[in-house]
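Okay, structure first, notes after.
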Amino acid sequence: MDKVIRRQQVLSLYRNILKESSKFFDDNAKIFLKNRTKKRFKEYKNETDETRILNKLADARQALSRLKRANVFDIKSVTRVLELTYGRRGPMRHQMLKPIINEPSEAPKPIVRGFPRTAPPRMSPPLQTLLSSQTKNLYPTLPVPKHKPLYPSRKANLLWRHYSKIMKTVMPPVDNITLDQLEINAGKGTLTGKGIANRSMSLRNHNLDRQNNLKIQNTDAPKSPRDLVKEGPYCTARPHNPRPRFIRRLYQRLLTKIPIMEVGSESTHLLISGLNTLKNKNHNSSTDILPKKRYIITKSPWANGRPLPLVNHIDWQGLDPLEVAKLIDDKKTQKLKKSYAEDNLPI
Numbered sequence: 052m053d054k055v056i057r058r059q060q061v062l063s064l065y066r067n068i069l070k071e072s073s074k075f076f077d078d079n080a081k082i083f084l085k086n087r088t089k090k091r092f093k094e095y096k097n098e099t100d101e102t103r104i105l106n107k108l109a110d111a112r113q114a115l116s117r118l119k120r121a122n123v124f125d126i127k128s129v130t131r132v133l134e135l136t137y138g139r140r141g142p143m144r145h146q147m148l149k150p151i152i153n154e155p156s157e158a159p160k161p162i163v164r165g166f167p168r169t170a171p172p173r174m175s176p177p178l179q180t181l182l183s184s185q186t187k188n189l190y191p192t193l194p195v196p197k198h199k200p201l202y203p204s205r206k207a208n209l210l211w212r213h214y215s216k217i218m219k220t221v222m223p224p225v226d227n228i229t230l231d232q233l234e235i236n237a238g239k240g241t242l243t244g245k246g247i248a249n250r251s252m253s254l255r256n257h258n259l260d261r262q263n264n265l266k267i268q269n270t271d272a273p274k275s276p277r278d279l280v281k282e283g284p285y286c287t288a289r290p291h292n293p294r295p296r297f298i299r300r301l302y303q304r305l306l307t308k309i310p311i312m313e314v315g316s317e318s319t320h321l322l323i324s325g326l327n328t329l330k331n332k333n334h335n336s337s338t339d340i341l342p343k344k345r346y347i348i349t350k351s352p353w354a355n356g357r358p359l360p361l362v363n364h365i366d367w368q369g370l371d372p373l374e375v376a377k378l379i380d381d382k383k384t385q386k387l388k389k390s391y392a393e394d395n396l397p398i
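Counting from 1 along the sequence shown, just add 51 to a position and that's the residue number in this note's numbering.
So this is what it looks like as structure tokens:
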């Protein structure tokens with residue numbers, strides 16, 4: 052293909068993607084899509100491989116088609132754009148997981164002494180808590196051979212395979228500013244505790260609505276230019292202005308995939324024992340003097356349209372466990388009772 056035609060084709064795709072990105076309703080998504088588009092086009096600006104160029108042009112057309120569907124509020128396309136923006140998939144998810152993975156922790160010992168390749172995967176305390184809240188099994192069920200023990204290298208491979216599998220689906224938390232903004236978009240401040248909207252009365256021009264709805268049906272009249280334009284392959288309905296409830300529900304569904312990680316109180320007797328051991332011996336490793344932290348994973352009360360809870364485990368601290376147990380005998384609060392019991396277990 053001629054270089055001039057190829058250049059015009061690439062520039063047209065680039066401008067159309069930026070144009071469609073500016074039409075999206077979420078401000079953070081606009082910035083994310085703009086930066087990602089500029090970065091991707093800049094990476095392959097000097098590409099010479101014809102096959103790779105054609106593949107990247109196909110990817111750009113696919114992204115443009117998805118953005119067009121998202122701007123007419125196709126649910127799948129809008130959800131995908133929001134998930135890419137807020138780190139539920141794609142490179143942003145890996146970037147948000149890095150601080151959790153790189154949290155200082157003690158490296159596991161190899162299964163076979165002297166062979167570091169047989170060491171199990173290292174999981175920091177926050178990552179271990181995050182994985183435990185989102186996966187069924189943190190470690191795989193290892194097979195038991197009948198006539199011989201499991202080979203150490205195979206055991207290490209099974210552990211790493213399971214670790215890679217669960218890491219593909221884990222969802223990282225977001226920062227507090229982003230979480231507050233998402234909760235506001237999901238209805239915080241506009242909904243009551245029971246989830247009923249405080250809608251303000253708005254005056255409508257009913258005569259104008261009636262004029263728009265009651266159109267004269269005349270088969271002999273020529274069609275309008277809008278009716279003659281065929282729908283593009285990217286949409287199945289005309290663009291519309293969605294209601295605020297539709298936008299709120301999109302953010303509520305997104306909040307169901309965003310965990311909230313909080314740092315609990317440090318255990319006192321572990322700190323005392325750590326100070327005693329510091330007096331008795333010298334520590335050369337930085338992981339030996341790390342403070343013990345307890346991480347708690349929760350979900351936003353505005354996820355999936357749920358109202359704010361009236362009582363949580365923080366409100367129960369300092370109360371008599373027997374009195375609290377009498378108050379939560381209802382079957383609907385069994386999960387809360389279990390979380391309260393776990394929070395008051397001796398460490």
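Here a beta-carbon is modelled for each residue, glycine too, at the ideal position from N, C-alpha and C.
### Query
So, are the CB atoms of Arg-131 and Pro-223 less than 8 Å apart?
no
### Task
Measure the C-alpha to C-alpha separation of Ile-311 and Val-129 and round it to an integer number of angstroms.
23 Å
### Task
Evaluate Tyr-202 with the Cβ neighbour count: other Cβ atoms within 10 Å of its Cβ, from every protein chain shown; 16 or more gives buried, anything less gives exposed.
exposed
### Query
Which whole-angstrom value is the C-beta distance of Glu-154 and Pro-177, which I expect to be below 8 Å?
5 Å
### Task
Name the one or two DSSP bridge partners that Tyr-95 has.
Bridge partners of Tyr-95: none, in fact.
#### Entry: Euclidean distance between Cα positions of Thr-136 and Lys-197
50 Å
### Cβ shell of Arg-345 (< 6 Å), same chain only, five flanking positions each side left out
Gly-315
### Message
Let's see if you can read the secondary structure: which residues bound the alpha helix (DSSP H) around Tyr-302?
### Response
295-306
### Residues near Arg-140 in its chain [Cβ-Cβ closer than 7 Å; skip 5 each side]
Glu-134
### Sheet register partners of Glu-313 (DSSP bridge)
Ile-347
### Message
Whole angstroms are fine: how far does the CA of Lys-377 sit from the CA of Lys-216?
### Response
42 Å
### Query
Which stretch, first to last residue, makes up the alpha helix (DSSP H) that contains Pro-142?
142-152
### Message
So, at 8 Å on beta carbons, what are the nonlocal neighbours of Pro-159 in its own chain, with the 5 sequence-adjacent residues on each side left out?
### Response
Ala-170, Pro-171, Pro-172 and Arg-173
### Message
Suppose you measure from the CA of Lys-74 to the CA of Leu-118; what does that come to, to the nearest Å?
### Response
9 Å
### Message
In whole angstroms, give me the CA-to-CA distance for Ile-82 and Gln-146.
### Response
17 Å
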